[in-house]
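Residue numbering for the sequence shown follows our numbering, beginning at 3 and increasing consecutively.
Beta carbons are placed, not taken as given, at the ideal position from N, Cα and C, and that holds for glycine.
Data block below; observations after.
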Amino acid sequence: MANYHTDYKALPIWKSSLELVQAVYKLLSILPSPEEFHLSALIKKTVVQVPAHIAKGSKKAGNDQEFIQYLDQANSYLYALKAQLSILSDLGLKTPRRIIDNHIKPLRLQIFITKRMMEKTRFDDIS
């Protein structure tokens, strides 16, 4: 497994988070009028927080437990993003559903698995 504190770019969650950012920005570029949906600026701010917290956590965190907290924060932004995209979907855009299914759900699962692997490694070191 990658060293979480020095090699975050090798983590699958980092790569998936960048794919999510690209998908969301692509979606927002095809909105009928970005200013018509004032959510677009908020959505952009939210989506970039996911990879930002993964990177920040890997560099600032002194131990696995701190990095796990940053992953929890990234996961919180995924929930917020899902809600924001659901609002767009309710306004008649069908593309957000695909982003939720193809990017957000798998990334949340990857974060969960990464956290569990880190916790297992930490407990194995204690044993």
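Could you tell me if Ser88 is buried or exposed, where buried requires 16 or more neighbouring beta carbons within 10 angstroms of its beta carbon? For the purposes of this step, residue 88 is taken as residue 86 along the sequence shown, with counting starting at 1. Classification for Ser88: exposed.
Check for me: the alpha helix (DSSP H) holding Tyr79 runs from which residue to which? As a first step, residue 79 is located in the sequence shown; it is residue number 77 there, counting from the start. Tyr79 -> alpha helix (DSSP H) spans 66 to 92.
If you follow the alpha helix (DSSP H) that Leu29 is part of, which residue opens it and which one closes it? Walking along the sequence shown from the start, residue 29 turns up at place 27. Note, Leu29: alpha helix (DSSP H), 14 to 31.
Mark Ser94 as exposed unless 16 or more other C-beta atoms lie within 10 angstroms of its C-beta, in which case mark it buried. The count along the sequence shown starts at 1 and reaches residue 94 at position 92. Reading off the sequence, residue 94 comes out as Gly, not Ser. Gly94 should be labelled exposed.
Helix, strand or coil at Ser35 according to DSSP, with G and I counted as helix: Numbered from 1 along the sequence shown, position 33 holds the residue referred to as residue 35. If DSSP states are grouped into helix, strand and coil, Ser35 belongs with coil.
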